[in-house]
Amino acid sequence: MLQAVSGTGGMMSADMQRERERRAWEEEQDRALADEEAAARRLKQKEELLSLGKQTQEERQRAEALKARKEEATRSRREDLKNKFLRKQLVKKMGNGEKGTTKAKKS
1 MLQAVSGTGG MMSADMQRER ERRAWEEEQD RALADEEAAA RRLKQKEELL
51 SLGKQTQEER QRAEALKARK EEATRSRRED LKNKFLRKQL VKKMGNGEKG
101 TTKAKKS
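Below, the structure written as structure tokens:
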């Protein structure tokens with residue numbers, strides 16, 4: 001019943017050999033499982049990074065659109081203020097011009 005298995009340099013029973021093989025198999029399975037888990041973890045991280053990159057790009061585009069709207073509103077406001085100022089100046093000059101013409105006619 002006890003058979004000696006050599007190959008390790010010493011005497012080993014068949015049960016000991018099977019136990020060694022079982023342990024080696026378990027270690028191999030554990031390594032394979034760990035590799036699969038690591039691959040799944042890397043894939044998840046990659047997907048999260050891609051998602052983050054997509055969100056970042058969307059936010060940049062949104063910020064760019066908001067900035068463009070603000071710049072357009074500022075430009076429009078400045079244009080309105082400039083037009084008001086020019087109209088006011090024109091009214092002043094027209095008023096001064098009429099007064100000057102009236103005085104010249106009286107003299």
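Numbering-wise, the sequence shown is residues 1 to 107 according to the UniProt record's numbering. Even for Gly, the Cβ is constructed at its ideal location relative to N, Cα and C. It should be emphasised that the depicted structure is a prediction, and the values quoted were computed from it without experimental measurement.
Worksheet item: Out of curiosity, what's the CA-to-CA distance linking valine 91 and lysine 82?
Response: 14 Å
Worksheet entry | Distance, glutamate 48 Cα to alanine 73 Cα | 37 Å
Discussion item. Please report the straight-line C-alpha distance between glutamine 89 and arginine 75, rounded to a whole angstrom.
Written reply: 21 Å
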